[in-house]
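Novice: Dumping the structure here so I can ask a few things about it.
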Amino acid sequence: MGNFVDSLDVPRWGVMLVILLIYFLLGMVTDLLSMTLVTMPIFFPIVVDLLGYDPIWFGVIISMMIAIGGITPPVGTGIFLVKGCIPSGNEATLSKLFAGVWPFVIAAALATLIMLAVPTLCTVLPELVYG
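Just so you know, my numbering puts 157 at position 129 of the sequence shown, and the rest follows in order with no gaps.
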């Protein structure tokens with residue numbers, strides 16, 4: 029897989045955007061843990077070894093994409109979890125919950141974009157702690 033990515037005439041940020049799009053789309057329709065366990069052994073060596081990105085930064089970005097996928101329709105397993113925690117007799121329907129999640133999706137997407145633009149935000153604390 030690394031040889032294929034290396035042979036492409038695409039900048040490294042283009043490869044990263046494709047990987048993030050894959051995580052977003054998979055997060056919308058699959059179980060989040062199984063998606064992570066299947067995709068991380070494929071994408072981690074490409075991003076860290078081939079493209080040269082920081083592994084901590086990549087882990088934080090992927091965690092954000094997984095969190096966004098967990099609340100995004102059509103599956104949105106996190107929303108079904110919230111619906112199950114609401115006492116019966118409440119007027120909170122799944123459609124209301126899915127409609128109310130969009131501000132959080134937008135905020136998380138903006139935070140992810142900021143972390144993509146300024147990787148130091150993700151790595152400064154680990155560098156201070158571990159040197």
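Beta carbons: idealized from backbone N, C-alpha and C, even for Gly.
Roughly how many angstroms lie between the CA atoms of P160 and Y81, to the nearest whole one?
Specialist: Residue 160 cannot be examined here, being either before or after the span of the chain that is shown, 29 to 159.
Novice: Restricting to runs no shorter than 4 residues, where is the alpha helix (DSSP H) found entirely within the stretch 72 to 124?
Specialist: Runs of the alpha helix (DSSP H) inside the stretch 72 to 124: 83 to 99 and 105 to 113.
Novice: Just reading off the alpha helix (DSSP H) that G159 is part of, what are its end residues?
Specialist: No alpha helix (DSSP H) contains G159, which DSSP labels as neither H nor E.
Novice: Between I142 and the rest of its own chain, which residues show a CB-CB distance below 8 Å, the 5 nearest in sequence each way excluded?
Specialist: The answer, listed in chain order, is L149.
Novice: Identify, in the order they occur along the chain, each residue of the same chain with its Cβ nearer than 7 Å to the Cβ of L160, setting aside the five sequence neighbours on each side.
Specialist: Residue 160 is absent from the model: the chain starts at 29 and stops at 159.
Novice: Once the 5 residues before and after L122 are set aside, which same chain residues still bring their CB inside 8 Å of it?
Specialist: I107, F108 and K111.
Novice: May I have the straight-line CA-CA distance separating S62 from A95, to the nearest angstrom?
Specialist: Roughly 14 Å between the two C-alpha positions.
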